[in-house]
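The structure under discussion appears below in the form of structure tokens.
There are 2 protein chains.
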Amino acid sequence: MSVRAGIIVTGTEVLTGRIADQNGPWLSDQLLALGVDVAHITICGDRPADLTAQLRFLADQGVDLIVTSGGLGPTADDLTVATVAEFCDRELLLDPELEDHIADIIRRFRPHIPDLDAGPTRVGIRKQAQIPVGASAVPPTGTAPGVVIPAVAGDRPVPTIVILPGPPGELQAMWHSAVASPPVAEVLSRAADLRQDTVRAYGLHEAQLAETLRHADTEIADLDRLEITTCLRHGELDMVTRYTTRDADIYRHLLAVLTDHHGDRIFSTDGSTIDDQLIDALDGRSIATAESCTGGLIAARLTARPGSSAYVMGGVVSYSNDAKSDLLDVPADMIAAHGAVSEQVAAAMAEGARRRLGTDVAVSTTGIAGPGGGTAEKPVGTVCFGVSIDGRPTYTVTRRFPGDRERVRTLTTTAALHLVVAQLERQ
Amino acid sequence: MSVRAGIIVTGTEVLTGRIADQNGPWLSDQLLALGVDVAHITICGDRPADLTAQLRFLADQGVDLIVTSGGLGPTADDLTVATVAEFCDRELLLDPELEDHIADIIRRFRPHIPDLDAGPTRVGIRKQAQIPVGASAVPPTGTAPGVVIPAVAGDRPVPTIVILPGPPGELQAMWHSAVASPPVAEVLSRAADLRQDTVRAYGLHEAQLAETLRHADTEIADLDRLEITTCLRHGELDMVTRYTTRDADIYRHLLAVLTDHHGDRIFSTDGSTIDDQLIDALDGRSIATAESCTGGLIAARLTARPGSSAYVMGGVVSYSNDAKSDLLDVPADMIAAHGAVSEQVAAAMAEGARRRLGTDVAVSTTGIAGPGGGTAEKPVGTVCFGVSIDGRPTYTVTRRFPGDRERVRTLTTTAALHLVVAQLERQ
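Residue numbers (our numbering), protein chains in the order written: chain B, 1 to 427; chain X, 1001 to 1427.
Okay, structure coming up:
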């Protein structure tokens, strides 16, 4: 029996597109991992009538659980708790213990506030300490507590509702205690024992995978018991499969068919990313970057990971030709002869970065990200790569990527990581 | 009279959080600019019943316009057009001209497909060329045409519905012709003449702005006729105000109050970003970067802009101490004496980058992004900056940023741009 949930994201800044919502996708992923089927995510602004309409919609759709994010602040336009309480026909009551708890937090965070009892700060605390009758508070990690309201059966049943704050850090930190609360635990206990596995491929087209899946359907009985989604991102094709544990054999069979057809393109079946695999492939070796068209994106991606200073020595963004010569020792006459976007220059950049930064490995990019700069011979999207590994001849390759400047730069960054891993694994 | 709209984003990969939706925010922003009040954004997977429920919900909410994205591909799980047609009680008909048009596009994009009439490709084309009776096609920029279905009055009125493909590039390219179609133009003609203006501040707290707005409310009559939203992003505070043209005087008055209170923190009132302002402030001068904790993010941000090669010469990501010495001439004994995270090293890095890359301006960052590496004296989040401008003493400053590694790196990148602009404007 499947448990269904809906997510409501509130906030005019999200509805109007000024802030990209992080909470909907995050909550959806968490609920999926708990075996819950997320049917709808809805986004509304700070208007109570629109929030009420979305609550009504989800309740009428028969979901077992609604999770909301946002609208828990101390100011007058933060209306989620009051609106949900009215929807559930529950009175709001001040929880004195919660009021003290919030006041303590504010005292700790903002020691310069002289008198909490004066004026707007106390009004704000009292507002945040109001909890619907019969509901329980989720302890705050910021200043805003969350709320869990148990389901009510009846003619128009109301599902279990979890109210969480908008800042993603707070919401994520409070999620686990919301999940552990008895009303939510009860809903989750009815969820199926679901698994979710990811196969990642690089250099594989969606149409090719679709054809293999059609073929698999003729070969594997009950393949339709698996819920398969494919998605293309930054040039990588992910296939995510959800299934109940009793269908694990069907998934294993599917994985065998996929590996049989596309083994050379599949780089991950255990959820690991190419960034994870690069660390493994480096195996203690150090790396440097020499970037032209990616302008620092590869270095930024390598250093995004905590602890990366152990193996990333640094890099050079050689945007101008002078920078290529002065900082990476690319001969000016090589640039004149072959052009800055050439495999010769890519090789010299990678070798220069490895020598100058004293690393075991270096990767380079030089290309035309657009929109200008393309020629008939080297159109926008043309990128040359170099991978220099200590003790081996430098590897170079030219690729052509579709799309606008941002897309070319992103695809180039992902391609560079795949090329480094492939070369390192070629021992 | 206000025109209300709803947006439906379809796609299991979006619903399950594996891909962040770009279309909801983009469409919302476009509709706002056209004076339309977006009431709801809803997200569903590839299940027809859930899409139908969302269409019913929005229609019952009385919206004048629904825009959907996604589910227009050639495969069997792309069901948007069929589902919407059924919702509107309109039959699907094959449009032979559209079929030819799509076939032409596929011939151009994939010349290696030998015979379009064979098998699955032709089935897919026929599927994409089906249009509900009485609807019109929006010419495709990929292979999937969009659809515009006119509103129908009655007991349960159906609003005007625009169906667009999921890939953001295609959706955005097709938007303008969807907007120009007669049914949509008719809806938009009823929209109010709305304006939207943005004030951007740096170094201003939300609470300070809230207090100023409360003060403005006592001073300005009818301030509540403006719809004001504030949002904090990467350390910048944006205040976006929507108002009808006849309330322009109220907005002008508000702007005067804001400038009076926070003139030194407000850096933009015309919608320009700090990235835009950096170009103006450079005024033809060239720039280089020297990055430690930001690891290439500043260079990547500077080079994200088309044409940036005219003034960005490049940069050095000096993650290791050796890289700081070897590539930026930071004396090793300076690092030993003051630590890599020090204003002395930041100054030397900026000066080294300016000299090595031969630029007029250079900016440097060296700091502790975390989670490790913090000390009592220099906790995680401590960052030293240097700005070197030809002919002036090097400016340095130390800041402390809150949050995790990603947040510290992002806040540092934004801070660096603000510091460069401030120093350039200090002529």
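A virtual CB, placed ideally from N, CA and C, is assigned to each residue, including glycine.
Given the structure is predicted, the values throughout are model-derived calculations rather than measurements.
Give the secondary structure of V1363/X by DSSP, where H, G and I count as helix, E and B as strand, and everything else as coil. When DSSP states are grouped into helix, strand and coil, V1363/X belongs to the strand group.
Could you tell me the alpha carbon to alpha carbon distance between A1347/X and E1291/X, rounded to whole angstroms? Cα to Cα, the separation comes out at about 12 Å.
Per-residue contacts from G42/B into chain X (C-beta, under 9 Å): Just to set this straight, residue 42/B is Thr in the shown sequence, not Gly. Ordered by position in chain X, the residues that pass the 9 Å Cβ test against T42/B are H1040, I1041, T1042, I1043, Q1054, F1057.
Taking only the alpha-carbon atoms, compute the straight-line gap between S1318/X and V1397/X and give it to the nearest angstrom. Going by the C-alpha atoms only, they are around 19 Å apart.
Contacts that I1019/X makes with chain B (C-beta to C-beta distance below 7 Å): Correct list: C231, R233.
Please tell me whether M174/B has its Cβ less than 9 Å away from any Cβ of chain X. No, because no Cβ of chain X sits closer than 9 Å to the Cβ of M174/B.
Neighbour flag for M334/B against chain X, beta carbons, 9 Å: When Cβ-Cβ separations below 9 Å define contact, M334/B makes no contact with chain X.
For a contact defined as C-beta to C-beta under 8 Å, what are the partners of G1071/X on chain B? Contact of G1071/X with chain B by beta-carbon distance below 8 Å is absent, the smallest such distance being about 13 Å.
Rounded C-alpha distance that separates A1129/X from V1147/X: Spanning the two alpha carbons is a distance of roughly 10 Å.
Using 9 Å as the threshold, is the C-beta distance between L424/B and V361/B below it? In this structure, L424/B places its C-beta atom within 9 Å of the C-beta atom of V361/B.
Between R1246/X, T1143/X, S1268/X, V1133/X, which lies nearest to M1239/X when the distance is taken from Cα to Cα? Residue S1268/X holds the alpha-carbon nearest to the alpha-carbon of M1239/X among R1246/X, T1143/X, S1268/X, V1133/X.
Using a Cβ cut-off of 7 Å, pull out every chain X residue sitting near Q61/B, in sequence order please. A1053, listed in chain order.
For P1145/X, which of R1156/X, L1282/X, Q1172/X has the nearest alpha-carbon? Relative to P1145/X, the option among R1156/X, L1282/X, Q1172/X whose CA is nearest is Q1172/X.
Chain X contact residues for V345/B, given Cβ-Cβ distances below 7 Å: Per Cβ cutoff of 7 Å: no residues; V345/B is ~14 Å from chain X at best.
Under the rule that 16 or more other beta-carbon atoms within 10 Å means buried, what is H1429/X, buried or exposed? Residue numbering for chain X in the displayed model covers 1001 to 1427; residue 1429/X lies beyond these limits and cannot be assessed.
Does any C-beta atom of chain B lie closer than 9 Å to the C-beta of Y1319/X? At least one chain B Cβ lies under 9 Å of Y1319/X.
If you follow the alpha helix (DSSP H) that Y1311/X is in, where does it begin and where does it stop? No alpha helix (DSSP H) contains Y1311/X, which DSSP labels as neither H nor E.
So which residues of chain X does V316/B contact, with C-beta pairs closer than 8 Å? Among the residues of chain X, those whose CB is under 8 Å from the CB of V316/B are G1314, G1315, V1316, V1317, L1327, following chain order.
How would you call V1133/X, buried or exposed, if buried means at least 16 neighbouring beta carbons within 10 angstroms? With fewer than 16 Cβ atoms within 10 Å of its Cβ, V1133/X is classed as exposed.
So, at 6 Å on beta carbons, what are the nonlocal neighbours of D1414/X in its own chain, with the 5 sequence-adjacent residues on each side left out? Reading off the sequence, residue 1414/X comes out as Thr, not Asp. Excluding sequence positions up to five before and after T1414/X, its CB lies within less than 6 Å of the CB of H1234, G1235, all in the same chain and listed in chain order.
L232/B versus R195/B: straight-line alpha-carbon distance, rounded: Taking the straight line joining both Cα atoms gives about 21 Å.
Mind checking the region 1136-1164 of chain X against chain B and listing, in chain order, the residues whose C-beta falls within less than 9 Å of any C-beta there? Flagged: no residues at all.
Would you list the one or two residues that DSSP bridges to Q130/B? Q130/B pairs with L94/B.
Suppose you measure from the CA of E99/B to the CA of S1272/X; what does that come to, to the nearest Å? Rounded to whole angstroms, E99/B to S1272/X spans 42 Å at the Cα level.
Tell me whether Q61/B sits in a helix, a strand or coil according to DSSP, three-state version. The three-state reading of DSSP puts Q61/B in coil, since its state is none of H, G, I, E or B.
Under 8 Å by Cβ, that's how I've got V184/B and V158/B pegged, so tell me the actual separation to the nearest angstrom. At roughly 14 Å, the Cβ-Cβ gap does not stay under 8 Å, so V184/B and V158/B are not in contact.
Using the Cβ count rule (16 or more neighbours within 10 Å means buried), how would you classify A1369/X? Counting Cβ neighbours within 10 Å, A1369/X comes out buried, since at least 16 surround it.
Amino acids of chain X, ordered along the chain, whose beta-carbon sits closer than 7 Å to that of V383/B: None at all; the shortest Cβ gap to chain X is about 14 Å.
Does the Cβ-Cβ distance between V1009/X and P1074/X come in under 9 Å? Cβ distance not < 9 Å, so V1009/X and P1074/X don't count as in contact.
In this structure, does DSSP put L254/B in helix, strand or coil? Judged by DSSP in its simplified three-state form, L254/B adopts helix.
At least 3 beta-carbon pairs within less than 8 Å: the region 1244-1258 of chain X vs the region 1216-1228 of chain X: By the Cβ criterion, the region 1244-1258 of chain X is in contact with the region 1216-1228 of chain X, since at least three pairs of Cβ atoms, one from each stretch, lie closer than 8 Å.
Got a sec, what are the start and stop residues for the beta strand (DSSP E) D456/B sits in? Missing from the structure shown is residue 456/B; chain B here goes from 1 to 427 and no further.
Tell me, please, which residues DSSP counts as bridged to C1384/X. DSSP, once it has assigned bridges, lists T1366/X, T1398/X as partnering C1384/X.
Ends of the beta strand (DSSP E) at R195/B? First-last of the beta strand (DSSP E) with R195/B: 194-202.
Give the residues from the region 1301-1312 of chain X that approach chain B closer than 9 Å (Cβ to any Cβ), ordered along the chain. Flagged, chain order: R1301, L1302, T1303, A1304, R1305, P1306, G1307, S1308, S1309, V1312.
Would a C-beta distance cut-off of 9 Å place A135/B and P150/B closer than the cut-off? At the C-beta level, A135/B and P150/B come within 9 Å of one another.
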